[in-house]
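Just so we're aligned: the sequence shown equals residues 53 to 195 in this note's numbering.
Here is the structure we will look at, set down as structure tokens.
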Amino acid sequence: MNLKLSACTLAVHDLDEALGFYLDVLGFELRDDAEAEGTRRPSVGPPSQPDVQIFLEAPGANPGASPADRRAIKDLLAKGLLGGLVFLTDDCDATFEHIEAAGAEVLQEPIDRPGGARDCAFFDPSGNLLRFTQPRQVALTLA
């Protein structure tokens with residue numbers, strides 16, 4: 053099997069605030085900003101991955117969600133327990149400085165991980181975990 057991620061969904065408490073963060077701070081592109089059945093679901097994605105869409109939606113936007121489900125989703129989102137994404141970066145420290153300077157809530161400053169990877173983490177404006185990982189540099193030797 054050869055599987056690739058095409059799309060995912062993040063619950064956000066304010067669509068416009070989330071769009072501002074993903075577009076202005078992370079430099080993502082707006083893929084779509086459509087409305088269906090009275091529900092707005094914009095999608096964004098990194099310019100380097102034009103085939104990936106991250107849909108942003110209000111908690112409980114699914115029309116099949118009960119009022120109790122909507123409350124539970126809002127509660128989990130408020131606690132930062134609903135979603136998370138991991139991005140690769142070629143410079144963890146520069147990525148950290150850029151996102152921190154934009155005022156994002158820092159969860160973890162850059163650290164070195166076992167195996168040589170370096171990463172940092174933030175919360176987006178809705179409390180979704182965003183981790184930025186710089187893979188270990190593999191030294192090439194000529195024999």
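Note that CB positions come from ideal geometry on N, CA and C, so glycine has one too.
Within the same chain, and ignoring the five residues on either side of alanine 110 in sequence, no residue has its Cβ closer than 6 Å to its Cβ.
Annotation for lysine 126: His65, Pro111 and Gly112 place their beta carbon closer than 8 Å to its own, counting only its chain and skipping 5 residues before and after.
Across the set Glu81, Gly97, Phe107 and Pro102, the C-alpha of Phe107 shows the shortest separation from the C-alpha of threonine 91. Following the DSSP letters along the chain, one finds threonine 185 inside the beta strand (DSSP E) bounded by residues 181-186. For aspartate 171, the enclosing beta strand (DSSP E) begins and ends at 170-175.
For the 9 Å CB-CB criterion, aspartate 121 and glutamine 186 do not form a contact. With a beta-carbon spacing of about 5 Å, phenylalanine 148 and proline 162 fall inside the 8 Å limit used to define contacts. One Cα belongs to alanine 130, the other to valine 158, and the distance between them is close to 16 Å. A straight-line Cα-Cα distance of about 29 Å links glutamine 160 and arginine 93.
For glycine 136, the three-state secondary structure derived from DSSP is strand.
Per DSSP, glycine 72 lies in no beta strand (DSSP E); the unbroken alpha helix (DSSP H) holding it starts and ends at 67-72.
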